[in-house]
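The listed protein sequences correspond, in order, to chains A and B. Residue numbering for the first sequence follows my numbering, starting at 185 and increasing by one per position. Residue numbering for the second sequence follows my numbering, starting at 185 and increasing by one per position. Each residue gets a CB set at the ideal place from its N, CA and C atoms; glycine is no exception. To start, the structure under review is shown below, and the notes come after it.
Number of protein chains: 2
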Amino acid sequence: MTVGPGTPRSASVKDVAAAAGVSLGTVSNVLNRPDRVSDATRRRVEQAMAELGFVRNESARQLRAGRSHTLAYVMLDAGNPFFTDVAAGIELAAEAAGLALFLCNSDSRIEREASYLTHLEQQRVQGILVTPVDPDAASLVALAQRGTPVVVVDRVRREQALCSVAVDDVLGGRLAVEHLIDRGHRRVAFVGGPPTIGQVRDRLDGARKAWAEAGLPGKDLLVVSSSALTVAEGRSAGARIAGLTARRRPTAAFCANDLVALGLLQQAIRSGWRIPDDLAIVGYDDIDFAEAAAVPLTSVRQPRHELGRMAAELVLDESGNPEHEHQQVVFQPELVARASTLG
Amino acid sequence: MTVGPGTPRSASVKDVAAAAGVSLGTVSNVLNRPDRVSDATRRRVEQAMAELGFVRNESARQLRAGRSHTLAYVMLDAGNPFFTDVAAGIELAAEAAGLALFLCNSDSRIEREASYLTHLEQQRVQGILVTPVDPDAASLVALAQRGTPVVVVDRVRREQALCSVAVDDVLGGRLAVEHLIDRGHRRVAFVGGPPTIGQVRDRLDGARKAWAEAGLPGKDLLVVSSSALTVAEGRSAGARIAGLTARRRPTAAFCANDLVALGLLQQAIRSGWRIPDDLAIVGYDDIDFAEAAAVPLTSVRQPRHELGRMAAELVLDESGNPEHEHQQVVFQPELVARASTLG
DNA sequence: AGGTCGGATTGAAAGGTTTCAACTCAATGC
DNA sequence: GCATTGAGTTGAAACCTTTCAATCCGACCT
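This is the structure we're talking about:
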């Protein structure tokens, strides 16, 4: 009945077959093609399974079948709500396809990312979604070429060797700055860095384009660079802005992500500034905490769920469709205006 | 050399053995006991592996060995920073033990939790950590009895059938309210719910004990209940507090978690209150966003990393040590005082 | 020369599942 | 009464790795 502690390893189909007085092929049929088995036999087998506490051995199953029932997402930072929201989108698609989704957190460490990718490849997972530390790494292509479907999430790859799903960051930067120009700002700071991050470069790029197209002088779009996209760095940027002379001080700031924007907002409030009268702020990502900030944050929203869902669909297509062709999907961001710029 | 797309399933030890002109036992030795193989042979085998793009098949390995190199954490809500921090602690211990950690998000849905637990059991993972939707479910004990080590995280179990790791929530509630009493508050609101959540009950319990021990009248500790522990619910609670008459309105609020506290804080600022002069606020969990709030939040800190690390160590002990005994570990929380109560 | 030792290598067996060609047997058709 | 049908059942083979007892062989000893 119940199995005491220290029991030998769990029952196998063979044991079940013996207990039910059938062959092991029949047990397998009960599991995989119940319609081919007579009702009486099926019931007998099911009862034997229950009594023995039979648990299918997925390893053996996978070994035989060659494929698993699992998808994995190797994320850059499980602590950043943006990525967990992307993961939620992936999960939706995985669930619909009847697959389990395992999340792995590389925490931006390249050796941990590599270790997870190896582990997942050895497990023969059905597909890997990854937001890589280095989106141009050749190891990703090699991985895909050895047969595991790979989709790059939230990073664009120049070449066509892999599927990727991303959001147009140049457009996002443009939207943010056009909004600020519309609101009458003529001296604006871009806060973010380091410039090695593709996202940061692109968002700044878009900001500059919008600025130039409005005919405004480049020197009035100043860059306040940070060493990471964190709350702490946002605060420190705020302190630097406070240190500027009144003539140079910007009337608005566009931050490379919401964490930075929240830090900046916090520092601004500490300095006694009114938001947005003394300083308007635009963030990026529109994480849930953006709306919940002391002054609700205007932010550039990315379709996070869509991003995840599309990535999952691409990886499933690559895994199941022999005519699969690699695609680079780019979504459009959208500005969500709130009190931090609207007054 | 490189393997084109549409290649048949990857090379096996047998293929490597053939390519290197050795037996398959030798290939296995190169992988598992390199010291037993002569240098020349080892090099030849390694080269063959590289040329064929050999990838170990973890399923076959596991099938033979009976155990995997994986731990899993089934979390209640991947979007709550508290749980991702616990996961980070688990990861530390898993990494030290040379195991991979897979995260699964049940999203508080009982059927998804069940589906993940089944999947993980079938995969024969080395251990499962879980913050369950229902900590008293019998299915967890059954799972453990069938042979998979299980540790309950952040929930206490009455009986001794399982290991569990938690933080003393009664003490946490006590600390929060004692702090408020120390700061001179004599009318305090507890904000949180629903009371079906064990944490909520315990924290309120602790609050009441501290209140009674200070000799204060029970009616001055009012309960503002919410239907979930979210930012939105915090805002709504704030609105309800604002609606109270001046005589009844509390001078301080103790929130069941930081998300609620952040919502309340936001609403309070909108109402034009000064924090903490018009309303002091204490949160719970001390998530990173608590310190980054517009008014840095006083909060009850739980040793999140420790929680995760200890849980992982218990599950490893259960998996490796035949003399393992189930333990209920309870950590002490700690109050972190910040501007939201200190003025 | 004969014997011993030990490092290096071998190959069969085991682990649990799924598949599939082959088989059984009762019912149906002629 | 014999052939045909088909639903139900069977068991060997395959998937890939690891282990371990057995074997090989060159070096060393007497």
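Query                                                                                                                                                                  : Result
Among residues of its own chain, excluding the 5 on either side of Thr414 (chain A), which ones have a beta-carbon nearer than 8 Å to its beta-carbon?                 : Leu443, Val444, Gly447
Identify the continuous beta strand (DSSP E) that holds Leu413 (chain B) and give its terminal residues.                                                               : Premise fails: Leu413 (chain B) is in no beta strand (DSSP E) and is neither H nor E.
Any residues in the region 260-273 of chain A with a beta carbon nearer than 8 Å to a beta carbon of chain B? Which ones, in chain order?                              : Ala262, Gly263, Pro265, Thr268, Asp269, Ala271, Ala272
Taking 7 Å as the CB-CB limit, is Gly504 (chain B) close to chain A?                                                                                                   : no
Taking Cβ positions, are Val479 (chain B) and Ser524 (chain B) nearer each other than 7 Å?                                                                             : yes
Taking its Cβ as the centre, do 16 or more other Cβ atoms sit within 10 Å of Arg339 (chain A), making it buried, or is it exposed?                                     : buried
Which whole-angstrom value is the C-beta distance of Ser252 (chain B) and Gln329 (chain B), which I expect to be below 8 Å?                                            : At roughly 19 Å, the Cβ-Cβ gap does not stay under 8 Å, so Ser252 (chain B) and Gln329 (chain B) are not in contact.
Do you know offhand how far Ala204 (chain A)'s Cα is from Val229 (chain A)'s?                                                                                          : 5 Å
From the DSSP output, in three-state form, read off Asp469 (chain B) for me.                                                                                           : strand
Which residue comes first and which comes last in the alpha helix (DSSP H) that contains Asn505 (chain B)?                                                             : Note, Asn505 (chain B): premise wrong, no alpha helix (DSSP H); not H, not E.
May I have a chain-ordered list of the beta strand (DSSP E) segments no shorter than 3 residues that lie completely inside the region 301-379 of chain B?              : 311-314, 334-337, 347-351, 372-376
Comparing alpha-carbon positions, which option in A:Val270, A:Pro379, A:Gly399 lies nearest Ala440 (chain A)?                                                          : A:Pro379
Residues of chain B with CB closer than 7 Å to the CB of Ala476 (chain A), please, in chain order.                                                                     : Val415, Leu446, Gly447, Gln450
Would you call Arg217 (chain B) buried or exposed, if buried means 16 or more other Cβ atoms sit within 10 Å of its Cβ?                                                : exposed
When the distance is taken between beta carbons, is Leu313 (chain A) closer than 7 Å to Ala495 (chain A)?                                                              : yes
Just to check my reading of the structure: Phe266 (chain B) and Asp469 (chain B) have Cβ atoms closer than 8 Å, yes? What is that Cβ distance to the nearest angstrom? : 5 Å
Tell me whether Ala423 (chain A) is buried or exposed, calling it buried when 16 or more other Cβ atoms sit within 10 Å of its Cβ.                                     : exposed
What in chain A is Cβ-close to His489 (chain B), meaning under 7 Å?                                                                                                    : Near His489 (chain B) there are no residues of chain A at all, since even the closest Cβ is about 12 Å away, more than 7 Å.
Per the contact definition of three or more C-beta pairs closer than 8 Å, is the region 341-357 of chain B in contact with the region 515-524 of chain B?              : yes
What do you get for Gly504 (chain A), buried or exposed, if any count of 16 or more other CB atoms within 10 angstroms of its CB means buried?                         : exposed
What residues in its chain sit with their C-beta under 6 Å from that of Gln511 (chain B), if we drop five residues either side in the sequence?                        : Cys347
So is Pro319 (chain B) buried or exposed if we call it buried at 16+ other beta carbons inside 10 Å?                                                                   : buried
Can you tell me whether Ala391 (chain A) is helix, strand or coil according to DSSP?                                                                                   : helix
Can you name the residues of chain A whose CB is closer than 7 Å to the CB of His303 (chain B)?                                                                        : Ala284
Would DSSP call Val197 (chain B) helix, strand or coil?                                                                                                                : helix
DSSP three-state call for Arg227 (chain A): helix, strand or coil?                                                                                                     : helix
Helix or strand or just coil, what does DSSP make of Leu255 (chain A)?                                                                                                 : strand
Per DSSP, Asn289 (chain A) is paired with what?                                                                                                                        : A:Met259
Measuring straight from C-alpha to C-alpha, what distance separates Gly263 (chain B) and Glu343 (chain A)?                                                             : 33 Å
In chain B, which residues lie less than 9 Å from Glu230 (chain A) when you measure between Cβ atoms?                                                                  : Residues of chain B passing the Cβ test: none, with the nearest at roughly 16 Å.
With distances taken from CA atoms, which of A:Arg370, A:His369, A:Val384 is nearest Gly376 (chain A)?                                                                 : A:Val384
Can you tell me whether DSSP reads Leu526 (chain A) as helix, strand or coil?                                                                                          : helix
Quick one: is Phe473 (chain A) near chain B, going by C-beta distance under 7 Å?                                                                                       : yes
Suppose the cutoff is 6 Å on Cβ atoms and the five residues either side in sequence are ignored; what does the same chain contact list for Ala436 (chain A) look like? : Leu364, His369, Val372, Ala464
At least one CB of chain A closer than 7 Å to the CB of Ser243 (chain B): is that the case?                                                                            : yes
Taking just the CA atoms, how far does Glu417 (chain B) sit from Ser411 (chain B)?                                                                                     : 7 Å
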